[in-house]
Amino acid sequence: MLGFAARRLAASLVLVWVVASLVFLVIHLIPGDPAELLLSQGGVAPDPASVADLRAHLGLDRPLGAQYLTYLNGLLHFDFGTSLQDEHPVAEDIVLRLPRTLELVGVAGLLAVVIGLPLGVMAALRSGQLVDRILSNLAGLALSVPVFVVGTLLVLVLAQKLHWVPAGGFVALSVNPLRHFGLLMMPAGTIALGLAAVVFRVTRGAALEVLERDHVRAAQARGASPAVIIRRHVVRNAATSVITVVGLHLGALLGGTVLVEYVFNWPGLSGYLVLAVEARDYPAVLAIVLVISALFVLLNLIVELLYGVIDPRVRRA
Amino acid sequence: MRGQRLLLPGVLVGGMLLVALAGPLLPIADPVRQDVAGRLTLSSAAHWLGQDEFGRDVLSRLIIGARVSLSIAVVSTVLGAVVGTLLGIIGGYFRGLAEMVTMRTAEIVLCFPPLLLALLVVTLLGPGAATLILCLAIVFTPAFARVAYAATLSVRSLDYVTAQVALGKPAALILWRTLLPNIAPPLIVQLSLTVAAALLLESGLSFLGLGVVPPAPSWGLMIRGARTTMEHAPLLLLWPCLALTGAVLALNLLCDRLREVLDPRGSGSGRPGFLRIFPTLRTPSPNSAAPAGLLAVRGLTLEIAGPHGPVAVVRDVSLTLAAGETLALVGESGSGKTLTALTAIGLLPSTVRVVAGEILYTDRQGVARDLLRLPEKDLRRLRGKDLAMIFQDPSSSLNPLLRVGAHLEETLRAHHATGSLGARVVELLRQVGLPDPPRSAQLYPHELSGGQRQRVMIAAAVANHPRLLLADEPTTALDVTVQAQILELLAGLKQAEGGLGMLFVTHNLAVVARISDRVAVMYAGELVEEGPVAVVFAQPRHPYTAALIASTPEGDAERLTAIPGTVPQSWAMPPGCRFAPRCSMALPICDDGPPPVAMPAPGRSTRCLRWKEMA
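Respectively, the protein sequence lines represent chains C and P. Just remember that the numbering used here sits 378 ahead of the position in the first sequence, which is counted from 1. Just remember that the numbering used here sits 107 ahead of the position in the second sequence, which is counted from 1.
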């Protein structure tokens, strides 16, 4: 198991390096000068002197190879340069905001599994019956409503019409834990809705497939009770498929945080990205994209390791 | 019939596209003309859905917005599909360097969450429709490449593609004419999935103000605009939300239905047996006289749903098994022998229905119980305790995620064993001859050989000292040398367990001769002959038994003879003797009706009208 984990970790690190290099290449190899692009607004050609200034500031006037090494060296020291908006080190903003996004993703993922998994198993056991049809259609609907529509409608109904909850915002955990979680519930619930639908559908499909397997029938032949069969044979085996598909949906999940943080004014990393893109704040955008992509790779690594924990056959491969 | 499933989503998506295409031709207001006096007014004769925060007509903005949103989604999807499919096919067909370059690139692009990749592109190129199309295409290309690659790999190895390569057909022609039609189904599904995803991404970016540039309408942009005034004009928010959700819903529905139609596997067969609350048969028991022996099957008839009504896959089967006896149930695949065994333990697939008959089991107290009329709860207490079963394929019958010992513990615990069971588990594994039992108990099924796995299955079956062992082709999936060992083990266990009765399902006559006391031969769902093994083999009283013996290589026949014809399809059974069409001795009366059971000698039965003439 340890060897398996080490191999996967090494592969992930290589992937992060490739992604970082790609991000670097994207800025430097696309036609046009980023500094010029940055300063041009509304089709007006920028002042050559300020372009030269910015080039020097961003280090764009140095040879490409040297720039790449500086860039990689910076990354190793967690130095992403300074923001063009406020001259603030980007790394500091990331350290401040990343935990908030992680918290959102974690709570949403947990909610989605807690809701989606049992309902999926239930629907599979009653496949074709009324319960299954109602749940499956609800999941289909939940998958089709964009997160920002869910979020906006929740704000409209729960906050503005019913005044049950504030429309959004953030209070640090250390300041007021109760209010912190109160404010967390709406954005987390919004992300969880679509993800729970995904978990539900995968669980249902996987459980239906597992129910037909010989070893489930063999467990029945041994006289095992329905509870034991469902827990030890159906859910455990279906879990591997669920984990795989949830891993595939992590990208959409992280993308969803961008929209949800924006809707609920949750000051996480993803919401900050929108501000940075609007301001065309290069260093910040690149750093955030890199960090979230690395996070994505890391989450996929965790998924793979989980897979190895559940399925003994994977560990040897 | 299946095509009908596409009708609803097809009409919805088609209608949507039609409205979007015809948008400029429709008599609707100018979607960008502002009317400050009429801002935020509700529906009127001139503006059916009201006017937005700039007084623009909401209905026309919805329609033209559909045009903008859908055209971006469709164009980017098509672009991604064409490029991705090409890359995937090339990578999958030519392999080597092309494979490495395309698939690794796809993998790296997939490392970026889609919305992030899009935001990166927008930062570099600035917002706008063209940027949107480009970045959506980049986002979706890898998915198509992967699907096309996987499909190409599987099609490429098919015989007829290999044949064309061998015939020297140009690669481009093979790709276009043979490969593309074959990998189309998964690509079509991916296509409808991607349009929906593109619509979501486009509207998300526009919602953030980083997609379609105002004043051009787009559903995402409309939601963004309506958000600021939603407290006073919630309807304004509702329309684009409904339009967007409806469009994605229709596309997702289309995708689901397409998947169903193009890949009709895995439509669940109904609820699993252990959820059955009622007994299999609810008709009262025929109340026949107390049976002699351990198990008596009487008049068992099983049906499945056929294209023209129910079909009897097992018809009027009767057999008896005494304590300590081994009865072999022989027949070709599809003869109903396995179904008969599964009925006894109550594990029939939910597609098969018990229509008539009784299965009387005499329990340890000497009370005969009808297994077909026993509630599931009571039947479960017998399973694994009184009745045990060994299945054909030991590798799929063990849960791959559980250790060997856990399987045995489960059997013991299901029947009220408590406390530490480690010693008992090791003892069981020793009994079935597994090497190093304490270590074997800690192994996972994939770490054992096929023969060892079957030994584990046997250990689980005999753990609670059953009185009846149902063995469904337990040696078929094993190597010949291992087969002999397993048969020896079963014979040994039978001796050790005293009165253990065994129903041994097999198609192998050599195995029958070796292990069983009596044999029952099944053909096309009917029991055609039954009797002591030696007598039946020496002098069969049914032409099918005779033909079966003559066609067995291990038999003493000088010449192997194949049985002419094939087993009739279950929904097209002959009205009379089911073997008559293939029988060398058939007479016209054989087709008149099912032949009655005759008893040539005590303990022997046959379903042939001409058994007396069998020499």
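Positions of the beta carbon are idealized from the N, C-alpha and C atoms, including for glycine.
Annotated as distal: V612 of chain P and A657 of chain P, with beta-carbon spacing of 9 Å or more. Going by beta carbons, L294 of chain P and A236 of chain P fall outside the 9 Å limit. Closest in alpha carbon position to T301 of chain P, among P:D477, P:L356 and P:A270, is P:L356. A contact is defined here as three or more CB-CB pairs under 8 Å, and the region 603-622 of chain C fails this definition with respect to the region 504-521 of chain C.
Taking 9 Å as the cut-off, the Cβ atoms of L407 of chain P and V461 of chain P count as close. The CB of P524 of chain C comes closer than 9 Å to the CB of L306, L307, S310, G311, F314, G327, I330, C348, L351, T352 and V355 in chain P, given here in chain order.
A597 of chain C belongs to the set of residues whose beta carbon lies under 9 Å from a beta carbon in chain P. Note on geometry: alpha-carbon atoms of L114 of chain P and A188 of chain P lie some 24 Å from one another.
When P:E580, P:V216 and P:D500 are compared, the shortest CA-CA separation from P552 of chain P is found for P:D500.
Ranking P:A693, P:L555 and P:D470 by CA distance to the CA of G512 of chain P puts P:L555 first. For V229 of chain P, the neighbours in chain C by C-beta distance under 8 Å run, in chain order, V655. DSSP places L577 of chain P within a strand segment (E or B) once states are collapsed to three.
Excluding five sequence positions before and after V525 of chain C, the CB atoms of its chain that fall closer than 7 Å to its own CB belong to T568, I569, G572, G634, L637 and V638, given in chain order. Segment contact: the region 593-605 of chain C against the region 489-503 of chain P, three or more CB-CB distances shorter than 8 Å; contact assigned. Contact residues of the region 551-585 of chain C toward chain P are G583 (C-beta to C-beta distance below 8 Å). A Cβ of chain P is located within less than 9 Å of the beta carbon of I670 of chain C.
Within chain C, the residues placing a beta-carbon under 8 Å from that of R488 of chain P are G601, ordered along the chain.
Here D493 of chain P is buried. Its C-beta has 16 or more other C-beta atoms within 10 Å.
The beta carbons of E636 of chain P and S712 of chain P sit closer together than 9 Å. Runs of the alpha helix (DSSP H) lying entirely within the region 503-557 of chain C and spanning at least 4 residues, in chain order: 508-522 and 525-532. Beta-bridge analysis with DSSP links A419 of chain P to P:E410. Where T433 of chain P is concerned, there is no enclosing alpha helix (DSSP H), although the beta strand (DSSP E) around it starts and stops at T433 to V437. Membership of T238 of chain P in the alpha helix (DSSP H) is indicated by the continuous run A236 to R263. In terms of Cβ geometry, T230 of chain P and R475 of chain C do not form a close pair [threshold 9 Å]. The beta carbon of L497 of chain C is closer than 7 Å to those of L513 and F578 in its chain, skipping five residues each way along the sequence. Here H523 of chain P is exposed, its C-beta having fewer than 16 other C-beta atoms within 10 Å. Contact fails between the region 539-547 of chain C and the region 451-462 of chain C, because fewer than three Cβ pairs, one in each stretch, are under 8 Å apart. The region 384-404 of chain C and the region 655-675 of chain C touch, with three or more beta-carbon pairs separated by less than 8 Å. Annotated three-state conformation of E465 of chain P is strand, per DSSP. Counted as a single uninterrupted DSSP element, the beta strand (DSSP E) harbouring L610 of chain P occupies residues G608 to T613. Within 10 angstroms of the beta-carbon of M629 of chain P lie 16 or more other beta-carbons, which makes it buried. In chain order, R510, V511, G512, L515, G529, V532, V533 and L536 place their CB closer than 8 Å to the CB of A548 of chain P, counting only its own chain and leaving out the 5 sequence neighbours on each side.
Its chain contains V139 as the residues whose beta carbon lies nearer than 6 Å to that of P322 of chain P, once the 5 sequence neighbours on both sides are disregarded; these appear in chain order. At a Cβ-Cβ threshold of 9 Å, M609 of chain P and T450 of chain P do not count as neighbours.
Residue range G557 to V569 is occupied by the alpha helix (DSSP H) that includes M564 of chain P. For G441 of chain P, same chain residues with a beta-carbon under 7 Å away, outside a window of 5 residues either side, are V674 in chain order.
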